[in-house]
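J.: Before I ask anything, here is the structure I am working with.
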Amino acid sequence: MARIAIIGASGAIGGVIASLLQTTGKHELVLCVRTPIDRIVVQTPEGEVALNGTLLTRPEDATPVDWVMIATKAYDVDSAAQWLENLGAGAAPVAVLQNGVEHRERFAPYIAHERILPVMVDCPVERQPTQNGVARLVQRSTMILRVEDETLGHEFVGLFAGSTADVVAVEDWLTVAWKKLANNAVGALPALVLKPAGVLHDEALGEVALDIVRECIAVGRAEGANLPDSLAEDTLAACRRALPDSINSLHADRLAGRPIEIDARNGAIVRKGKTHGIPTPANSMAVALLKAMTAK
Ligand SMILES: NC(=O)c1ccc[n+]([C@@H]2O[C@H](COP(=O)([O-])OP(=O)(O)OC[C@H]3O[C@@H](n4cnc5c(N)ncnc54)[C@H](OP(=O)(O)O)[C@@H]3O)[C@@H](O)[C@H]2O)c1
C-alpha cells in the first residue's frame with residue numbers, strides 16, 4: 323500500500339492513472355488539481371470509475387506521500403512543481419507521465435536526477451467539458467506505460483499490479499521514448515493545417531512527414547536511441563491507419579485556444595539536433611509556424 327499523489331488528476335492522463343491505481347484497491351490517493359472541481363469520473367473500457375481520494379487545489383494543503391505522479395502538460399512544469407515540496411518529493415520518487423524525451427531536464431531545477439522516473443504514456447484519453455463540478459475523462463483503450471528497467475521503474479510497475487494497465491520496465495527506454503516522439507512529431511502537420519488525421523494521406527504532406535521522422539531518427543540515434551531507417555515509413559503508415567477524422571492533441575489544443583506542447587515534441591528534436599550539429603529544417607519550420615500561429 324502506498325500514498326500516491328497525482329498532480330493533474332482531473333486531466334486526461336492523470337484521471338486514468340488515478341483510476342487504475344484505485345482499482346488495485348491498495349493505495350491511498352491524493353488528487354492534486356488546478357481548477358476547483360467536486361468529483362472526477364473516468365469512463366474506462368471496463369466501466370465507470372468515480373475517483374475516491376483527497377482532492378486538493380492548493381499546494382500548501384499537501385502533505386508528504388510515498389510517490390508523486392505528474393500528469394500535467396509539459397508546458398505546466400513550473401506550476402506543477404509548486405506541489406513538490408509539501409508532497410515530500412525529494413524523498414518520494416517522482417514519475418513524470420508526459421510526452422517527449424526531456425522528462426528529467428524539465429524537472430531538473432526541482433528534483434534530483436535519480437528521484438525522477440520518466441514514463442512513456444500511450445493511451446488515447448479525452449477530456450470532456452466539466453459539468454456541475456464533475457470532471458469527466460474517457461479512456462479509449464488500454465493504458466500503456468513504459469519505464470526504465472531500474473529500481474524506481476520496478477517499484478512503479480508494482481504500484482499498478484492488479485490493474486488493467488499494460489505497464490512494463492523495458493531495457494531500452496530511450497528507444498521507446500524516441501519512437502513515440504516520432505509519432506507525436508508527425509502530429510504537427512494536421513495541427514498546422516487544422517485538418518484531421520486523414521490529411522496525412524496527401525502525398526506531399528506525407529513526404530514532409532517522412533522528413534520530420536527522418537530528422538527525428540538522426541537526432542534520436544545521436545542521443546543513443548536504436549532507431550531503424552524504416553521508422554519513417556512505419557510511422558507514416560501508422561498515422562495513415564488512424565481514423566481519418568481523429569484529431570491529435572496538438573490540433574485539439576489549438577482548436578480550443580489552449581497552449582500547445584510543440585516545444586516538448588518537435589521543439590525537442592530541433593534543440594537536441596542543434597547540440598549534435600544535425601540540421602532539422604522540417605521540424606524547425608513546424609515549430610516556427612505553430613508558435614507564430616498560436617502566439618497570443
Ligand atoms: N490525452 C492523451 O490521450 C495523451 C496520450 C499520451 C500522452 N499524453 C501526454 O500526457 C501529458 C498530460 O496530457 P493530458 O492530455 O492528460 O493533459 P490534460 O488533459 O490537459 O490534463 C492536464 C491536467 O493538468 C492540470 N494542471 C496543470 N497545471 C496544474 C497544477 N499546477 N496543479 C494541478 N494540476 C495542474 C490541468 O488542470 P486544468 O483542469 O486547470 O486545466 C489538467 O487537468 C502530456 O504530456 C500529453 O502529451 C496525453
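Residues in the sequence shown are numbered from 323 upward in steps of one, following our numbering.
Ideal Cβ positions, reconstructed from N, Cα and C, are used throughout, including at glycine.
Is the Cβ-Cβ distance between M391 and A417 less than 7 Å?
T.: Contact flag set, yes.
J.: Would you check if there are 3 or more beta carbon pairs closer than 8 Å linking the segment 323-332 to the segment 379-393?
T.: Cβ pair count under 8 Å is three or more, so yes.
J.: Check whether the segment 528-542 touches the segment 555-563, taking contact to mean three or more Cβ pairs, one atom from each stretch, closer than 8 Å.
T.: Touching, yes.
J.: What is the DSSP secondary structure of C354, counted as helix, strand or coil?
T.: C354: strand per DSSP, three-state reduction.
J.: Do G369 and L459 come within 7 Å of each other at the CB atom, strictly closer than that value?
T.: Cβ distance not < 7 Å, so L459 and G369 don't count as in contact.
J.: Check whether the Cβ atoms of I582 and R576 sit closer than 7 Å, and answer yes or no.
T.: Cβ atoms of I582 and R576: closer than 7 Å.
J.: Closest to I600 by C-alpha separation, out of G579, R563, C538, would be which residue?
T.: Taking only the C-alpha atoms, the option nearest I600 is C538.
J.: Given the structure, does N390 come close to ligand 1, in the sense that its CB is under 6 Å from one of the ligand's heavy atoms?
T.: Sequence check: residue 390 is Val here, not Asn. False, no ligand heavy atom lies under 6 Å from that Cβ.
J.: Just checking, does the segment 451-470 make contact with the segment 391-408 on the three C-beta pairs under 8 Å criterion?
T.: Output reads no: the segment 391-408 does not touch the segment 451-470.
J.: Does DSSP classify A434 as helix, strand or coil?
T.: Three-state DSSP puts A434 in coil, outside helix and strand.
J.: Count the other C-beta atoms from every protein chain shown that fall within 10 angstroms of the C-beta of E424, then say buried if there are 16 or more, exposed otherwise.
T.: It is buried - the Cβ of E424 has at least 16 other Cβ atoms within 10 Å.
J.: When DSSP builds the beta bridges, which residues end up paired with Q404?
T.: None, per the DSSP bridge assignment.
J.: What are the uninterrupted segments assigned as beta strand (DSSP E) that are 3 or more residues long and contained completely in the segment 469-502, given in chain order?
T.: Taking only runs of at least 3 residues, the beta strand (DSSP E) segments lying wholly in the segment 469-502 are 488-492.
J.: Grab the span of the alpha helix (DSSP H) containing I582 for me, first residue to last.
T.: Looking at the DSSP string, I582 is not in any alpha helix (DSSP H), and its letter there is neither H nor E.
J.: Can you tell me whether DSSP reads M615 as helix, strand or coil?
T.: Helix at M615.
J.: Compute the Euclidean distance between the alpha carbons of L514 and G412, then round it to the nearest angstrom.
T.: Using only the alpha carbons, I get a separation of about 39 Å.
J.: Starting from the C-beta of E382, find all residues in its chain whose C-beta is less than 8 Å away, skip the five residues before and the five after it, and write them out in chain order.
T.: Same-chain partners within the cutoff: N408.
J.: In three-state DSSP terms, what is P415?
T.: Three-state DSSP puts P415 in coil, outside helix and strand.
J.: N506 and R587: beta carbons closer than 7 Å?
T.: A contact, by the Cβ cut-off of 7 Å.
J.: How would you label R428, buried or exposed, when you count the other beta carbons within 10 angstroms and need 16 or more for buried?
T.: By the 10 Å Cβ count, R428 comes out buried.
J.: State the CB to CB distance for the pair I328 and W405, rounded to an integer number of angstroms; the pair is presumed to be in contact (CB under 8 Å).
T.: About 10 Å; that fails the 8 Å criterion.
J.: For the alpha helix (DSSP H) containing R634, name the first residue and the last one.
T.: Not covered by the structure: residue 634. The range shown for the chain is 323 to 618.
J.: What is the rounded straight-line gap between the Cα of S332 and the Cα of G509?
T.: For S332 and G509, the distance between alpha carbons rounds to 24 Å.
J.: Under the criterion of a Cβ to heavy atom distance below 6 Å, does G599 qualify as lining ligand 1?
T.: Answer for G599: no, Cβ out of range of ligand 1.
J.: Work out the CA separation of R543 and R536 for me, nearest whole Å.
T.: Near 11 Å, if we compare the C-alpha coordinates of R543 and R536.
J.: Starting from Q453 and walking both ways along the beta strand (DSSP E), at which residues does that stretch end?
T.: 447-453 is the extent of the beta strand (DSSP E) around Q453.
J.: May I ask you to report which of helix, strand or coil DSSP gives R325?
T.: Looking at R325 - three-state DSSP - the assignment turns out to be strand.
J.: Say yes only if the C-beta of D585 is nearer than 6 Å to one or more non-hydrogen atoms of ligand 1, and no if none qualify.
T.: No, the beta carbon of D585 sits no closer than 6 Å to any heavy atom of ligand 1.
J.: Per DSSP, what kind of secondary structure is E424 in: helix, strand or coil?
T.: Reduced to three states, the DSSP call for E424 is coil.
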